[in-house]
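Engineer: Numbering (the working numbering) for the sequence shown: 49 to 191.
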Amino acid sequence: MANRDFAAVLSAIQNAPQPRSGHQDVLHAVVAAIAANDMKALEPYFTEHVELEIHGFAPIDGSWSGRSDVIAAATRNYQKLVEQEPRIETMVDQGDTVVWLLVESGYLKETGQRYEARGVIWWTFGGTQIRRVEEFLHVSLPA
Numbered sequence: 049m050a051n052r053d054f055a056a057v058l059s060a061i062q063n064a065p066q067p068r069s070g071h072q073d074v075l076h077a078v079v080a081a082i083a084a085n086d087m088k089a090l091e092p093y094f095t096e097h098v099e100l101e102i103h104g105f106a107p108i109d110g111s112w113s114g115r116s117d118v119i120a121a122a123t124r125n126y127q128k129l130v131e132q133e134p135r136i137e138t139m140v141d142q143g144d145t146v147v148w149l150l151v152e153s154g155y156l157k158e159t160g161q162r163y164e165a166r167g168v169i170w171w172t173f174g175g176t177q178i179r180r181v182e183e184f185l186h187v188s189l190p191a
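(1) Please list the terminal residues of the continuous alpha helix (DSSP H) segment that includes Gln72.
(2) Are the CB atoms of Arg124 and Ala83 nearer to each other than 8 Å?
(3) For Met49, does the count of other Cβ atoms within 10 angstroms reach 16, so buried, or fall short, so exposed?
(4) Taking all protein chains shown into account, decide if Glu183 is buried (16 or more other Cβ within 10 angstroms of its Cβ) or exposed.
(5) Restricting to Cα atoms, I'd like to know which of Asp73, Val118, Gly174 and Leu100 is closest to Lys88.
(6) Name the two residues that bound the continuous beta strand (DSSP E) containing Tyr93.
(7) Starting from Ala60 and walking both ways along the alpha helix (DSSP H), at which residues does that stretch end?
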């Protein structure tokens with residue numbers, strides 16, 4: 049199992065300014081499930097036709113549609129990364145959208161190469177479930 053230190057992200061979600069939407073609770077549950085490597089627990093938080101797009105980090109870039117394909121892709125992608133330490137710098141929660149500006153560091157499992165990323169994750173909700181996740185990342189691989 050990969051080591052994941054998502055404490056800073058969980059804390060940022062939990063301590064988001066009031067009033068909080070129900071979206072924050074959903075995202076907290078999603079991040080907690082990923083941190084625990086319990087990808088099966090993600091199912092109730094995604095719509096049947098959820099979409100995931102990741103741009104800017106070659107080992108995990110791609111586009112997937114449908115709950116089972118998105119969860120399978122997330123499972124594969126998280127297995128490629130170890131010692132992840134993400135931190136939310138800014139969070140905007142408005143209407144059906146939550147946007148995170150975040151930084152993250154960790155290692156590529158296959159090569160042991162350290163990575164540092166800065167990016168935006170755009171969460172779009174359909175009611176109380178996530179219907180689209182789009183990530184735009186800028187990644188560096190320091191020597």
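We treat Cβ as the ideally placed atom computed from N, Cα and C, and that holds for glycine.
Structural biologist: By the coordinates alone:
(1) Gly70 to Ala83
(2) no
(3) Because Met49 sits at a pLDDT of 46, beneath the cut-off of 50, its placement in the model cannot be relied upon, and the following sentence gives the value as read from the coordinates. Exposed.
(4) buried
(5) Val118
(6) Note, Tyr93: premise wrong, no beta strand (DSSP E); not H, not E.
(7) Ala55 to Gln62
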